[in-house]
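Working notes, beginning with the structure itself.
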Amino acid sequence: MNSFVKNLHSYPILARLGIFFSTLLFIWLPFAIPIYLFLQQKDPNLTTILTMGLLFIIFLFLVKFWGNYVYENQKIFRTYGLVFSKRNLLDLSGGLLISFTITWLLFVVEYLFGWVVFKAPNQLFIPLLLEGLTSALLIALAEELFFRGWLLNELEKDFSEKQSNFINALLFAIAHFLKPLAEMIRGLVTFPALFILGLLLVWSKKNHHNLLGISIGLHGGFVWGYYVLNVGQMLTYTEVVPSWITGINQNPIAGLMGLLFLGTFSLIAKKRKLF
Numbered sequence: 005m006n007s008f009v010k011n012l013h014s015y016p017i018l019a020r021l022g023i024f025f026s027t028l029l030f031i032w033l034p035f036a037i038p039i040y041l042f043l044q045q046k047d048p049n050l051t052t053i054l055t056m057g058l059l060f061i062i063f064l065f066l067v068k069f070w071g072n073y074v075y076e077n078q079k080i081f082r083t084y085g086l087v088f089s090k091r092n093l094l095d096l097s098g099g100l101l102i103s104f105t106i107t108w109l110l111f112v113v114e115y116l117f118g119w120v121v122f123k124a125p126n127q128l129f130i131p132l133l134l135e136g137l138t139s140a141l142l143i144a145l146a147e148e149l150f151f152r153g154w155l156l157n158e159l160e161k162d163f164s165e166k167q168s169n170f171i172n173a174l175l176f177a178i179a180h181f182l183k184p185l186a187e188m189i190r191g192l193v194t195f196p197a198l199f200i201l202g203l204l205l206v207w208s209k210k211n212h213h214n215l216l217g218i219s220i221g222l223h224g225g226f227v228w229g230y231y232v233l234n235v236g237q238m239l240t241y242t243e244v245v246p247s248w249i250t251g252i253n254q255n256p257i258a259g260l261m262g263l264l265f266l267g268t269f270s271l272i273a274k275k276r277k278l279f
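Each number in the working numbering comes from the position in the sequence shown (counting from 1) with 4 added on.
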């Protein structure tokens, strides 16, 4: 067993990924299945929180094991860019504010075009902001540690930097795009937007000393901005234009405007090396 684990680093990328995911599912499913069977009908939201939270905790322990015994790296999270430092915290804060602002700016433009109408939130705004921030940071931390941390690091062991960036963004887009076939066809515009977002998050990390703070911040800010508007029910769509322009199922990234905003922002950021 020890020799098998120690030799894993020399296995090709598909074998390493397959072994990692198989181990993750093998540990997680015996806990997740009972939770799903007992709680899904009673409280779907709690079921999702418990199962996904448990998956992330197991992922953290498995990553630590992976670093210690496969790569003999006692500081694997630091290698991935997850470092508690002033620079990382500033990057995270800046990313949050930038992407939160961009999300709201998108809807301000749509408001000026007469495509949406703003309303007062259906709950107290400050608690809504804090609730959204907490949810957004947890989601962004989990996804960025996985995609721009562990997965990107694994890809870079077998591919060039450009290839790794491209594959990472592609896998990120696929993972978020997978739905029933009819939904994927209906929301086809979502895929290029997700791919562009994936590239932006990779570039931002690479241009910030390979630290995860900026990508967590940018990712979290987009989630945060939309969370506040959506959960607070602050928008009404006038339906003057088709939903594929403003966002299918009222998801801004699933619309032409979201794609244009994200694409333009990413090109400017890349050209001027903002991220």
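Even glycine gets a Cβ: it sits at the ideal position worked out from N, Cα and C.
Which residue or residues does DSSP assign as beta-bridge partners of residue i?
i	result
THR240	VAL121
Nearest to residue i by alpha carbon, out of the options?
i	options	result
PHE122	VAL206, LEU149, ALA186, TYR241	TYR241
LEU145	LEU109, VAL87, VAL244, TRP108	VAL87
VAL244	LEU182, VAL120, ILE106, ILE53	VAL120
SER219	ALA173, TRP108, PHE24, TYR115	ALA173
THR107	LYS275, PRO246, LEU239	LEU239
GLU148	LEU205, LYS10, VAL74	LEU205
LEU18	GLN237, PHE81, GLU160, HIS213	GLU160
GLU114	GLN127, GLY262, THR52, SER26	GLY262
Are residue i and residue j closer than 9 Å when you measure CB to CB?
i	j	result
LEU66	ILE31	yes
PHE195	LEU175	no
LEU260	ILE249	yes
HIS223	ILE143	yes
LEU54	LEU43	yes
ILE257	ALA179	no
GLY136	GLY221	no
PRO101	PHE265	A quick correction: the sequence has Leu, not Pro, at residue 101. Not in contact: LEU101 and PHE265 (Cβ atoms no closer than 9 Å).
PRO216	GLY71	Contrary to the premise, residue 216 reads as Leu rather than Pro in this sequence. No, these two residues do not count as a Cβ contact at 9 Å.
GLY1	PHE181	The question about residue 1 has no answer, for the chain in this structure spans 5 to 279.
LYS209	LEU156	yes
Point to revise | Segment contact, 8 Å Cβ cut-off, at least three pairs: the region 132–143 with the region 225–232 | key: yes
Review point. Taking the runs of the alpha helix (DSSP H) that are 4 residues or longer, which of them lie wholly in the region 172–260?
Key: 185–190, 194–210, 217–235, 247–250
Review point. Considering only residues of the region 30–71, which uninterrupted beta strand (DSSP E) runs meet the minimum length of 3 residues and lie entirely inside it, listed in chain order?
Key: none
**Study point:** the region 64–83 in contact with the region 181–188 per 3-pair CB rule at 8 Å
**Key:** no
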